[in-house]
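Take a look at the structure set out below.
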Amino acid sequence: MKKHLFIVLIFAFALAIGLSYIFLRIDLIPRPSSLERQSIDHLLKILFAIASVIFALVISVFVYSLIFFRRRPGDDKDAPPIKGYGSLEMAWTVIPLIIVIGLGAYGGVVLNDMTRPGPPQSELEIDVTASRFAWQFNYPTYGNITSFELELPINQRVALYMQSKDVVHSFWVQEFGPKQDVVPGMTTQLRFTPTEIGHYTVQCSQLCGYGHTYMTAPVNVVSLADFQTWVQAQQAAPSPTPTATPSTGPTQPSVTINLMAMNISFDLSIIMVPAGASVTINFNNMDNIPHNFAVYTDSSAQTPIFRGQIVTGPAKVTYNFTAPAKPGTYFFRCDVHPTIMTGKFVVQ
Amino acid sequence: MNKILKIFSLGVIRGLLAGLAGAGAGIGITMLVRHAIGLPAWNPGPVTTIGIFTGVITYLVVLGAFNYWFRWAIGAEPKEAEPPKRSWTRYFNLDTNHKIIGVQYLVTALTFLPFAVALQLVGRLDLSKLVSPLNATTYESIISDHGLLMLFIVVLPAFSGLMNYLIPLLIGARDMAFPRLNALSYWLIPPAGLLTAFSLLVGGFDTGWTLYPPLSASFEYIGMNFILIGIFLSGLSSILGAINFLTTIFKMRAPGMGPFRMPVFVWSTLATTALTLTFTQFIGMSFLMVLFQRVLGMGFFNPQMGGQVLLYQYLFWFYSHPAVYVFVLLGLGIISDTIPVFARKPLFGYKAVAISSIGIAAGGTIVFAHHMFAAGIPAFLKIPFMVTTLLVAVPTGVKVFAWVATMWLGKLRITTAFLFVLSAIVTFLIGGLTGVPLGIVPVDLYLHDTYFVVGHFHATLFGGFLLPLMAAIYFWFPKVSGRMLSEKMGKMQWLLMTVGTTLLILPMLGLGIEGMRRRVFDYSLTLGFRPLHIATAVGGFLIFAGLVILAYNMITSARRGAPAGPNPWNSMILAWQVSSPPPEENFAEIPRVVGNPFGYGVEGSVHAIMSTETKEEIKNE
Chain A
1 MKKHLFIVLI FAFALAIGLS YIFLRIDLIP RPSSLERQSI DHLLKILFAI ASVIFALVIS
61 VFVYSLIFFR RRPGDDKDAP PIKGYGSLEM AWTVIPLIIV IGLGAYGGVV LNDMTRPGPP
121 QSELEIDVTA SRFAWQFNYP TYGNITSFEL ELPINQRVAL YMQSKDVVHS FWVQEFGPKQ
181 DVVPGMTTQL RFTPTEIGHY TVQCSQLCGY GHTYMTAPVN VVSLADFQTW VQAQQAAPSP
241 TPTATPSTGP TQPSVTINLM AMNISFDLSI IMVPAGASVT INFNNMDNIP HNFAVYTDSS
301 AQTPIFRGQI VTGPAKVTYN FTAPAKPGTY FFRCDVHPTI MTGKFVVQ
Chain B
349 MNKILKIFSL GVIRGLLAGL AGAGAGIGIT MLVRHAIGLP AWNPGPVTTI GIFTGVITYL
409 VVLGAFNYWF RWAIGAEPKE AEPPKRSWTR YFNLDTNHKI IGVQYLVTAL TFLPFAVALQ
469 LVGRLDLSKL VSPLNATTYE SIISDHGLLM LFIVVLPAFS GLMNYLIPLL IGARDMAFPR
529 LNALSYWLIP PAGLLTAFSL LVGGFDTGWT LYPPLSASFE YIGMNFILIG IFLSGLSSIL
589 GAINFLTTIF KMRAPGMGPF RMPVFVWSTL ATTALTLTFT QFIGMSFLMV LFQRVLGMGF
649 FNPQMGGQVL LYQYLFWFYS HPAVYVFVLL GLGIISDTIP VFARKPLFGY KAVAISSIGI
709 AAGGTIVFAH HMFAAGIPAF LKIPFMVTTL LVAVPTGVKV FAWVATMWLG KLRITTAFLF
769 VLSAIVTFLI GGLTGVPLGI VPVDLYLHDT YFVVGHFHAT LFGGFLLPLM AAIYFWFPKV
829 SGRMLSEKMG KMQWLLMTVG TTLLILPMLG LGIEGMRRRV FDYSLTLGFR PLHIATAVGG
889 FLIFAGLVIL AYNMITSARR GAPAGPNPWN SMILAWQVSS PPPEENFAEI PRVVGNPFGY
949 GVEGSVHAIM STETKEEIKN E
């Protein structure tokens with residue numbers, strides 16, 4: 001009896017140390033890029049370490065019993081009638097109780113740090129509007145810039161004030177950590193501080209219909225200087241309207257293309273036009289959500305060649321613009337769904 | 349010709365055909381009335397909803413579910429039931445014997461189980477990107493229907509079946525307290541199941557099993573109406589069942605069957621049915637409200653009409669959190685009752701294990717808001733609900749520790765039933781431990797709505813439902829049929845299902861930690877999720893293969909299996925002291941209970957005295 005207990009405890013102890021060492025050492029969640037993610041990752045490591053101690057204890061006794069306490073062939077007698085052991089039962093009730101209350105308290109402290117609103121003016125306020133199936137960002141402190149991309153300066157705490165136009169959505173950037181539902185009829189808030197420059201993606205994480213999977217938006221975390229440049233460019237840029245140059249010569253070729261948007265995708269992935277042609281796009285938006293057609297010099301979508309007006313379907317609209325004179329491969333997309341509705345715009 | 353006509357003598361065929369006719373009549377009359385008052389005759393929402401209700405009522409009436417009460421209401425002498433014959437047709441007619449109803453429940457659940465699993469296998473193939481992708485609506489409908497079918501048409505009826513069959517046998521009663529109510533609550537399940545399954549054919553519904561409005565309220569397909577009514581019927585069935593079980597346990601125990609002489613399964617039933625009776629009406633109400641918003645335009649959850657979107661989520665989780673304890677408590681009861689038989693030792697800390705069922709149930713009633721940490725509930729609510737959530741870990745831990753301590757120093761007999769119990773313990777342990785991070789709010793805000801939740805939920809349900817159900821089938825099949833299931837096939841099934849469970853659950857947890865959202869049908873290959881999705885799909889197929897073996901084993905063993913005898917496992921529990929299968933009224937004489945049911949190894953220990961001839965009291969201690 002004592003020998004069994006001794007062996008199994010040694011084994012459990014070794015397993016517990018090994019497992020919790022692994023969980024404390026490895027980075028469980030990939031790509032931490034905000035202060036909030038750092039707290040979450042830290043907390044999760046502790047939780048997994050504690051869980052592995054309990055797992056090791058239970059599983060050691062379990063496996064040991066399975067190996068050493070099997071019925072021997074021919075032995076039909078019952079085992080010793082141990083009905084219980086009061087202090088052991090008390091221990092495995094009280095110790096978990098203490099652990100979970102401690103974890104609860106610690107979790108509460110971390111939660112408060114994560115969600116507490118900062119002093120006025122210290123946070124970058126952004127209004128977020130979610131609709132099926134698009135995100136729209138509005139910067140009230142910068143003259144109400146409206147964008148379909150979330151541009152954020154590094155190391156600046158952000159406060160999102162989020163509203164939904166139709167059903168429940170949820171704002172989540174995996175690298176930033178916490179998520180928050182966006183509920184029709186109320187404004188929900190989410191705060192975080194990005195700490196790494198880079199490109200991320202907002203993913204809707206509350207099922208909102210057939211387009212839920214693709215309800216994403218780009219997030220760019222940039223340096224403060226780059227952010228200022230972006231703000232100025234946005235303030236200077238006209239709202240999305242045709243920026244076509246008038247046709248210049250009688251010999252200019254012209255081309256008409258039928259483009260359809262359905263189920264949050266274009267029916268064409270490559271559009272080919274002659275250089276310098278006058279292009280007419282008959283755009284048919286079959287979705288009952290907003291789309292447009294826009295051409296950029298390349299997939300970073302920094303320099304627009306043409307940005308069509310956004311239309312909410314089902315609707316048809318005709319866009320006219322002049323293709324670049326220089327042959328090459330350009331980029332087109334829907335500004336509302338920049339991550340998934342994209343294609344190549346080839347000038348020959 | 350006569351043989352073909354004979355099929356109509358089966359209540360289930362008559363009932364279903366009459367149900368279809370009733371639905372047609374309901375639809376016809378509604379369209380006539382709509383036409384008469386100048387509305388367009390066809391409007392799928394209201395017309396089909398009325399059709400479904402008339403169909404279900406006609407089906408129940410033709411089946412004879414209300415015959416007794418009708419006669420009683422008009423003052424006629426209630427017809428005496430004919431002495432029942434042992435015949436397979438009893439299983440297809442309205443019957444009030446608890447053992448018949450138990451088998452009906454179980455067979456219904458086991459019929460829908462492979463269908464519900466197969467639905468998800470299609471989704472798994474899609475996610476593993478091995479076949480051409482489904483379209484989004486099909487994928488979301490499939491996974492939503494998988495969830496609802498599993499929970500309301502498989503888990504609840506399967507456990508209702510076990511409770512029905514076992515409770516009277518375990519407490520020494522001849523039948524349930526309200527046999528006619530019992531029959532009614534079973535016969536609500538087939539229409540519920542058919543409506544839930546056929547919702548896919550009338551357009552599906554892409555809302556997830558939680559059916560959150562405004563999405564569920566604005567979605568145009570009529571599959572949604574099928575679901576709402578189907579699940580409502582299943583809920584009604586569990587409420588009626590709960591009344592019955594509670595009354596039976598409180599009022600019909602054999603003399604001497606004190607609370608601490610009941611098997612743990614009876615304690616679990618008590619806890620489960622108390623939860624069911626208290627909370628099921630909340631999901632019934634919330635589903636009806638969504639239905640009314642869809643069909644009648646009432647703006648319960650529409651902010652523009654003064655409604656509240658979060659109201660639904662509160663109502664839904666008010667039931668659906670306690671419901672997950674309904675889904676697992678009985679499984680834990682099965683585990684607790686099975687280990688002592690195969691370890692040949694008393695259950696370690698029996699009283700604590702028994703009471704912990706009540707503790708889990710009581711704790712489970714005050715944790716529901718933890719599903720809404722990210723939903724926009726007031727911040728001050730999050731911390732109390734986090735603490736209550738974590739507290740549920742304590743009674744759950746008591747159970748797990750007690751199981752392992754029961755195995756310690758035992759003389760373990762490795763049968764298939766016991767193997768399934770072992771897998772269930774480990775799986776449930778993983779489910780329990782992964783529940784703690786989900787209870788801690790900051791971590792939950794990351795893990796919420798990722799595959800981690802899916803993995804945790806499947807771990808608890810595999811450990812608390814599927815694997816214990818398999819153990820129960822292997823343990824109780826000899827009692828029900830009088831024949832043993834094949835152990836060889838059983839062990840093969842166990843191996844497939846254990847490997848399958850592992851492959852299913854661990855990759856899901858990993859996917860969640862890496863940030864895979866749930867309920868999406870596509871993902872970028874650059875994220876490295878694909879190998880884990882393939883592993884999950886393989887796990888799903890192994891589990892399905894296990895179910896196929898089980899079906900084959902049950903069918904062949906029911907005819908050719910080795911005769912079981914009354915007590916093949918050498919168990920002390922009352923049910924095993926009568927013949928297999930048990931007599932029509934279980935006990936010729938109501939037994940007298942004199943000790944607890946786990947006295948293995950105790951000199952001269954006896955649970956119950958079966959016949960009056962042995963008058964002398966035998967001490968258990």
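Heads up: the sequence lines are chains A and B, in that order. Counting from 1, one number per residue, gives the positions in the first sequence under the numbering used here. Counting from 349, one number per residue, gives the positions in the second sequence under the numbering used here. Note that the Cβ used here is the ideal one computed from N, Cα and C, for glycine as well.
Given this structure, state the Cα-to-Cα distance separating residue i from residue j, to the nearest angstrom.
| i | j | result |
| --- | --- | --- |
| Y871(B) | Q203(A) | 11 Å |
| P826(B) | M832(B) | 5 Å |
| D607(B) | K699(B) | For the record, residue 607(B) in the displayed sequence is Pro; it is not Asp. Taking the straight line joining both Cα atoms gives about 10 Å. |
| A384(B) | W390(B) | 12 Å |
| P290(A) | V168(A) | 18 Å |
| P80(A) | K2(A) | 15 Å |
| M186(A) | D335(A) | 26 Å |
| P505(B) | T456(B) | 8 Å |
| I838(B) | I897(B) | Note that residue 838(B) is Gly in the sequence shown, not Ile. Distance between the alpha carbons of G838(B) and I897(B) is about 8 Å. |
| I575(B) | I501(B) | 11 Å |
| Y822(B) | Y948(B) | 21 Å |
Select from the options the residue whose C-alpha is nearest the C-alpha of residue i.
| i | options | result |
| --- | --- | --- |
| R472(B) | N415(B), T884(B) and L358(B) | T884(B) |
| L529(B) | V503(B), T596(B) and L548(B) | T596(B) |
| E835(B) | P879(B), A912(B), T849(B) and L677(B) | A912(B) |
| T322(A) | T312(A), R307(A), C334(A) and D335(A) | R307(A) |
| I10(A) | I59(A), L44(A), H42(A) and L43(A) | I59(A) |
| L678(B) | I903(B), F776(B), I537(B) and G787(B) | F776(B) |
| Q345(B) | F635(B), V740(B) and I398(B) | Lying before the first or after the last residue shown, residue 345(B) is absent from chain B, which here runs from 349 to 969. |
| Q136(A) | P338(A), A294(A) and I257(A) | P338(A) |
| T193(A) | Y214(A), Q235(A), P184(A) and L35(A) | L35(A) |
| T188(A) | I154(A), S205(A) and T129(A) | T129(A) |
| G780(B) | M524(B), F664(B), S547(B) and V742(B) | V742(B) |
| G18(A) | C208(A), S52(A) and I7(A) | S52(A) |
Please return the same chain residues whose Cβ sits closer than 6 Å to the Cβ of residue i, not counting the five positions on each side in sequence.
| i | result |
| --- | --- |
| W924(B) | N915 |
| G887(B) | G848, L851 and L852 |
| S905(B) | R831, L833 and S834 |
| S585(B) | S533, L536 and I537 |
| A12(A) | A56, L57 and S60 |
| F463(B) | none |
| G807(B) | The question names Gly, yet the displayed sequence has Ala at residue 807(B). Excluding residues within five positions, the ones whose Cβ falls inside 6 Å are T775, I778, G779 and I853. |
Are the C-beta atoms of residue i and some chain B residue less than 9 Å apart?
| i | result |
| --- | --- |
| T213(A) | yes |
| N263(A) | yes |
| M286(A) | no |
| D298(A) | no |
| H337(A) | no |
| Y210(A) | yes |
| H291(A) | no |
Report back the beta-carbon spacing between residue i and residue j to the nearest angstrom; my notes put them in contact at under 8 Å.
| i | j | result |
| --- | --- | --- |
| W751(B) | I731(B) | Not really, about 32 Å apart at Cβ, beyond 8 Å. |
| L28(A) | L43(A) | That pair is no contact at about 11 Å. |
| A261(A) | M341(A) | 7 Å |
| V614(B) | V701(B) | Incorrect: roughly 12 Å between the Cβ atoms, too far for contact. |
| G860(B) | F805(B) | At roughly 11 Å, the Cβ-Cβ gap does not stay under 8 Å, so G860(B) and F805(B) are not in contact. |
Flag residue i as yes if its beta-carbon sits less than 9 Å from any beta-carbon of chain A, otherwise no.
| i | result |
| --- | --- |
| W756(B) | yes |
| G724(B) | yes |
| M958(B) | no |
| E964(B) | Residue placement at E964(B) is flagged as unreliable, the pLDDT there being 47, under the threshold of 50; the coordinate-derived value follows with that caveat. By this cut-off, E964(B) is not an interface position. |
| I773(B) | yes |
Near residue i, what residues of its chain come up, given a Cβ to Cβ distance below 8 Å and the 5 sequence neighbours on each side ignored?
| i | result |
| --- | --- |
| L499(B) | W557, A671 and F675 |
| E425(B) | R419 |
Between residue i and the rest of its own chain, which residues show a CB-CB distance below 7 Å, the 5 nearest in sequence each way excluded?
| i | result |
| --- | --- |
| L729(B) | A717 |
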